[in-house]
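Enquirer:
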Amino acid sequence: MTGPTDGLPVTAPAPSGRPRIFLVEDHAVFRAGVRAELGNAVDVVGEADEAAAAIELISERLPDVVLLDVHLPGGGGHAVLGGVLPHHPEVQFLALSVSDAPEDVIDVIRAGARGYITKTISGPELLQAVYRVAAGDAVFSPRLAGFVLDAFAQVGAPAPGLDPELDQLSPREREVLRLIARGYTYKEVGRDLSISAKTVESHVSSVLRKLQLSTRHELTRWATDRRLV
Amino acid sequence: MSLMALRRQRRDHRGIEEAPDPGTRPLTDGGRATNPSTPAPGSGAAAAAVSATATEGASPPSWGPPGVAFGNSRRKNGRWGEGHWSHSYGHPRPRGPSSHTDDRHHHHVGRKLRALRRSPDNRVLGGVCGGVSRATGIDAMWVRIGFVLVAVASGVMVLAYPLAWLLVPMEGQTDNIYARAISDRRGIRTVAAILVPLLIAMQLITSSLHVSFVGFLGWPTFLSVGVLVLIWRNADPSEKAFIDDDVMPLLGADTDDGKGRRRLMARVVAGLLIAAGGIALLVEGHTTVAALRPVGGAALVIAASVVIFGPWWLSLFRDLIAERQARALAEERAQMAAHVHDSVLQTLALIQRASDDPQQVVRLARTQERELRAWLFEGRSPGAIGEDASLLAEGVGLLQRQVEADHGIAVQVVMVGDCPLDEALRALLDAAREATVNAAKWSGEDQVSVYAEVEADTVMLYVRDRGRGFDPDAVPEDRQGITQSIRARVARFGGTAVVRSAPGEGAEVQLSMPRRERVK
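So, in C-alpha cells, the structure goes:
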C-alpha cells in the first residue's frame, strides 16, 4: 500500500474523504506497522495502548473507525467497546487481533464490533476493511465466517422459541460465509455467486446483525463450550 | 514492515508457535530450480492433472469387480496414473457429462432411475446387466442370474441380450453399435449368407422330424450369433479390444497352436452328441411311457452344457481371481508410490534446498530415516497425518504445524464442525496436506487458506492460495503430486478432488469425502 489512491474500493467510499482512524494496540511496533500499511489513505487521529486511555481519547476525538486490538492491558477490547459504544454509537469498531481463538471472536462481535480481522491480513485488504467499516458495513475474516457457520450450524429442525429471522442463516448467507471462510475476498465471492460486491456486503451485514442479536441456544452453548460468557 | 512479519514476531513472543525454520523459507522461485523432475507452470504442481473431470476417479466400491475383462495386457499401454485411476483400467473412451460421481450420488441418495447405458466397468460380456443394475439399483449379480433364467426358460429371450448390446449405447457415449452396424454391408451380407440357409435347413429338418419346437429354440440362438458377429465387427476399438482380449478367451479359441481349437471342436462335438441324446429322449418322452425320461433328457442337456461351457466357467473364475489380485497389487503399488512421494521425495527436495545448512540437512535426513524405518519395519505409514490425532480438527492442526514448519508458509485454518478421524478422513487429510505443500512450493505466496467443513454426510476441505495460479489443462500428465497423492488418495475411499485455477488467479483444491459414520 503506497499511494493514497492505490487499491481504494469503489464500493465503499469513506463518509467524508479520508476516514479518521484511531489505533488501540499495546505493541508500539505493530502500531507503527499499521500506520505504514495504511499510509496516507487514512487519517490517524490518535493511538492508545491500554483500555482506559483508549476510552477517554476515543470519546474525545470521535474517529470514524477504531482499530481495536482484542488483547489489551486493563480490560481488553471488550472494555473499550463497553466504554464507548453506549455514549457514541456512531463510532465503528474493527477488531484486529493476532489471536485466532474463538472466544476472542465472539466476545468482541457480541460487544458490538463491526468486524473482526486477524493480523495476517494484507495492507490493501486492511485498508479495504477500514473503508467497509467506515461505510457501516461488516467485515468478516475467514475465521469469523467459520465461527458463524459453526455456531449457526443447522442440526435437525430449529429449536422452538427461536426467532427464525434472527436465529437462522439464509441459504445465500450460508453460501457467502462459506466462500469467505475459504479465503475468498468479497469481490471473488460476488463473482463466484454472480452477485455484486454490494450484495455480498449486505448479506454479511445481515449476518453480523444476527450474530449480535440472536439468542440462539447454540451460540451460547458454543461460547460456553469454550469457557466464555 | 509487513503485518505478516509482525504476526510472526508476535507469535514467538507469545510462545504459541515455533518460528519457521529459516533454512526452509524461500520457496518461491528457488523451489522450482531445485526440482528438476517437475518443470511445471506455476502453483499446484498437483493441480493440473485434475481438471473438471477429476471426479471420475471416484469409483464406488460397492460395484463389485469390474468385468473379468480388465486384464493387464492393455494397462501397459495406458498411462500410469493419469485419468483412469481406480476404475476401468485404461479404456480410452470419451466421457459424457454423466460421470461416475453423478451415478454414485444417485446410488447413495435417491436410487433414481436413469437412462439405460451399458456399464464399461461392471461387465462380463457387453455390460448390459451392469447397466441395468446401475439404472435400477439392483445388484448386478441378481440381474445376471435373472437374465440367464429368463433366457433359458423362454428361449426367445436369448436374443434379448445381444440386441440390448447392439442398441444400448455405452456409458458416456451417445451412439450405439447399431448406428455403425447398419452401414456394415459386408458384415450383414456375410452373416445373412450363413444364417439364412442354416435357419432354413434347420427348420426343414426339424419339421420333417416333427420336432419343430426345437427349431423355434434354434432361431433366437442363431440370430444371437449373427448379432454378436455384427457387434464384434462394429464395436469401437476399445470395446473390440475388450472382446478380443477378454470374451474370446472364454471360448477357449484363442490359443495359437491348433491344439486349443481341436480341443474346442472335440468338446463341441461331444456336447452336441450328448445334447442330441437328450433331445431324442425328450422327443420320445411324449410317445412312450417312461415319465422319468424327460428328466434324464434334461440331465443330459445339462451335462452337455457342462462339457461345452465348463472350461469357460473355469477360466471365468480364474480370470476373476487373477484380476482381483492384479488390482490389489496395483493399489498397493499406488499407495506405496504416494507414501514415497510424500516422505522420501519431499525430504530430498528439502535437503537440496537446504544444502548450505548442514545442520538442517542432518535434521531432515534423521527425521526421514526414522520415518522410513517406522514404515518398513513397523508398518506405520510415513508422514501420514492423523497418527497422533483422533479428531479432524486435531489432524488439520497437525497439518498446519507440519507445513508451516517445513515449508515456511503461513497456513490459515478455518474449521466448521468436527468429527472423529477414520481411515478415509486420514486419507483426505494426507491429500489436503499435499495440496497445501503444493501451494507452498508453487504459488509464490506466503499464505494458504485451509477450510474444512464437516457436514452430515460429507467432509469438505478446501485448500486455496492467491498465488500465480496455472492452467490445469496445461500441466503434464505425469505429475505425481496431483495424481497419486491427492486424487488417487481420496478416490480410494470414494472421495473426489477438483482443482480450480487460472493463471494469475491463485489455485483452489476442493476435496470431499463421504462420511462412513453419519450424524444421526
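So the sequence lines, in the order shown, correspond to chains A and B. Residue numbers for the first sequence follow numbering that gives the first Met the number 0, so the first one is 0 and each next one is one higher. Residue numbers for the second sequence follow numbering that gives the first Met the number 0, so the first one is 0 and each next one is one higher. Just so you know, even glycine gets a beta-carbon here, dropped at the ideal spot from N, CA and C. These numbers come from a predicted model, not from an experiment.
1) Scan the segment 390–418 of chain B for residues whose Cβ lies nearer than 7 Å to a Cβ of chain A and list them as they occur along the chain.
2) For aspartate 42 of chain A, I'd like the list of residues in its chain whose CB is within less than 8 Å of its CB, leaving aside the five on either flank, ordered along the chain.
3) Show which residues of chain A have a CB atom less than 7 Å away from the CB atom of tyrosine 461 of chain B.
4) Could you tell me which of B/Ser500, B/Leu375 and B/Thr173 sits nearest to serine 342 of chain B, measuring between CA atoms?
5) Sorted by chain position, which residues of the same chain lie with C-beta nearer than 8 Å to asparagine 233 of chain B's C-beta, five sequence neighbours on each side aside?
6) Could you tell me if leucine 313 of chain B is buried or exposed, where buried requires 16 or more neighbouring beta carbons within 10 angstroms of its beta carbon?
7) Can you pull the chain B neighbours of alanine 152 of chain A, defined as C-beta to C-beta under 8 Å?
8) What are the boundary residues of the alpha helix (DSSP H) that threonine 173 of chain B is part of?
9) State the Cα-Cα distance for the pair serine 274 of chain B and leucine 166 of chain B, rounded to the nearest angstrom.
10) Between methionine 201 of chain B and alanine 302 of chain B, what straight-line distance do the alpha-carbon atoms span, to the nearest angstrom?
11) Check whether chain A comes within 8 Å of tyrosine 450 of chain B, counting only Cβ atoms and requiring the distance to be less than that.
12) Anything in chain B within Cβ reach of aspartate 25 of chain A, meaning under 8 Å, just list it in chain order.
13) Can we say the segment 128–139 of chain A touches the segment 52–66 of chain A, given the rule of at least three CB pairs closer than 8 Å?
14) Which residues mark the beginning and the end of the alpha helix (DSSP H) in which serine 201 of chain A is found?
15) Can a CB atom of chain B be found closer than 8 Å to the CB of leucine 148 of chain A?
16) Give me the DSSP bridge partner(s) of isoleucine 408 of chain B.
17) What do you get for threonine 570 of chain B, buried or exposed, if any count of 16 or more other CB atoms within 10 angstroms of its CB means buried?
18) Are the C-beta of proline 141 of chain A and some C-beta of chain B separated by less than 8 Å?
19) For the alpha helix (DSSP H) containing threonine 435 of chain B, name the first residue and the last one.
20) Counting only Cβ pairs nearer than 7 Å, list the residues of chain B close to glycine 76 of chain A.
21) Would you kindly work out how many angstroms separate the C-alpha atoms of serine 140 of chain A and glutamate 124 of chain A, rounded to a whole number?
22) Just reading off the beta strand (DSSP E) that leucine 510 of chain B is part of, what are its end residues?
23) From what residue to what residue does the beta strand (DSSP E) around threonine 495 of chain B run?
24) How about glycine 145 of chain A: is its C-beta nearer than 8 Å to some C-beta of chain B?
25) For the candidate residues B/Val195, B/Ala192 and B/Gly126, whose alpha-carbon lies nearest to that of glycine 171 of chain B?
26) What three-state label does DSSP hand serine 140 of chain A in the structure shown?
27) In terms of residue numbering, what span does the beta strand (DSSP E) encompassing leucine 126 of chain A cover?
28) Could you say which of A/Leu126, A/Gly81 and A/Arg177 lies nearest to valine 69 of chain A if we only look at CA atoms?
29) Beta-carbon within less than 7 Å of isoleucine 242 of chain B's beta-carbon, same chain only, minus the 5 sequence neighbours each way: which residues are those?
30) So, are the CB atoms of valine 23 of chain A and leucine 71 of chain A less than 8 Å apart?
31) Which term fits valine 175 of chain A, buried or exposed, when burial requires 16 or more other beta carbons within 10 angstroms of its beta carbon?
32) Bridge partners for phenylalanine 492 of chain B per DSSP, in chain order?
33) Classify alanine 27 of chain A: buried if its beta carbon has 16 or more other beta carbons within 10 angstroms, exposed otherwise.
34) Are the Cβ atoms of tryptophan 441 of chain B and glycine 407 of chain B separated by less than 8 Å?
Expert: The relevant details are as follows:
1) Ala409, Gln411, Val413, Met414, Val415 and Gly416
2) Arg17, Pro18, Arg19 and Ile20
3) Arg181
4) B/Leu375
5) Ile176, Arg179, Ala180, Asp183 and Gly186
6) exposed
7) Val415 and Gly416
8) No alpha helix (DSSP H) holds threonine 173 of chain B; DSSP gives it neither H nor E.
9) Note on identity: in this sequence residue 274 of chain B is alanine, with serine being the wrong assignment. Their Cα atoms are separated by approximately 32 Å.
10) 23 Å
11) yes
12) Per Cβ cutoff of 8 Å: no residues; aspartate 25 of chain A is ~11 Å from chain B at best.
13) yes
14) 196–212
15) yes
16) None; isoleucine 408 of chain B has no bridge partner.
17) As displayed, chain B neither begins before 0 nor continues past 519, which places residue 570 of chain B out of reach and without an answer.
18) yes
19) 422–441
20) Going along chain B, no residue has its Cβ under 7 Å from glycine 76 of chain A, so there is no contact; the nearest lies around 16 Å.
21) 10 Å
22) 506–513
23) 495–500
24) yes
25) B/Gly126
26) coil
27) Here leucine 126 of chain A belongs to no beta strand (DSSP E); instead the alpha helix (DSSP H) covers 122–133.
28) A/Gly81
29) Trp231 and Ala234
30) yes
31) buried
32) Partner(s): none; phenylalanine 492 of chain B has no beta bridge.
33) exposed
34) no
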